[in-house]
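Reading through the structure tokens given below for one structure.
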Amino acid sequence: LNDFSEAFVSHTQWNPKNATPYAIKADETLLDLFSTVHISKGITTTNVGFYGPQGRVLRLPLYDPSLNSKIASFRYQGKKITNLEMETAAIYGMATLLGHKALSLNVILANRANGTFSEQPKAAMEKLITHTLETLTL
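Following this line, the structure appears as structure tokens:
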């Protein structure tokens, strides 16, 4: 485990019977390129499911109902987890294996912790796409 993963496992009281969390960094060059006042930097966690990792219950109970609050309170070197999703770790892992650069840019459409949702999700996505393309091509 790297230091980040060890700190996360300790903070969340991770069950050793579960798959071990791991961390993969974004490409530093791309991260620097997108480090502007328009972009909030944070840590994205990639989850293995859709409903349960968001704290939503369908038919099965959550294994650890307090996991999302543990994630929300986790800090590592002054940084916090700002996003939960399902793709970034795989993208970063494949990019690393293939010698490519990768960065995850996300529009936060739902804050399930406080029950708020984007009022204009399409406009927010279009703004991020435009900003990304302009940053990469100018």
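The letter at position 36 of the sequence shown is residue 25 when you use the working numbering, and the numbering goes up by one with no holes. Don't be surprised by glycine CBs; every beta carbon is placed ideally from N, CA and C.
Item	Value
With a threshold of 8 Å, are at least 3 pairs of Cβ atoms found where one atom belongs to the region 66 to 81 and the other to the region 8 to 26?	yes
What do you reckon, are the CB atoms on L20 and L92 nearer than 8 Å?	yes
DSSP beta-bridge partners for E74?	T35
Give the C-beta separation of T34 and I60 to the nearest angstrom, bearing in mind that I take them to be a contact with Cβ-Cβ under 8 Å.	7 Å
Would the C-beta of R64 count as close to the ligand SAM, meaning under 7 Å from any of its heavy atoms?	For the ligand SAM, the structure offers nothing, since it holds no ligand at all.
Please state if the CB of F63 and the CB of H0 are separated by a distance shorter than 8 Å.	yes
Mind checking whether T124 and F23 have CB atoms under 8 Å apart?	yes
Provide the residue(s) that pair with F106 in DSSP beta bridges, ordered along the chain.	A99
What did DSSP end up calling K111 once you bin it into helix, strand or coil?	helix
So A(-4) and Y65 are supposed to be a Cβ contact under 8 Å. How far apart are they, rounded?	5 Å
Tell me which residues share the same chain as R101 and place their Cβ nearer than 7 Å to its Cβ, disregarding the 5 neighbours each side in the sequence.	Q43, G44
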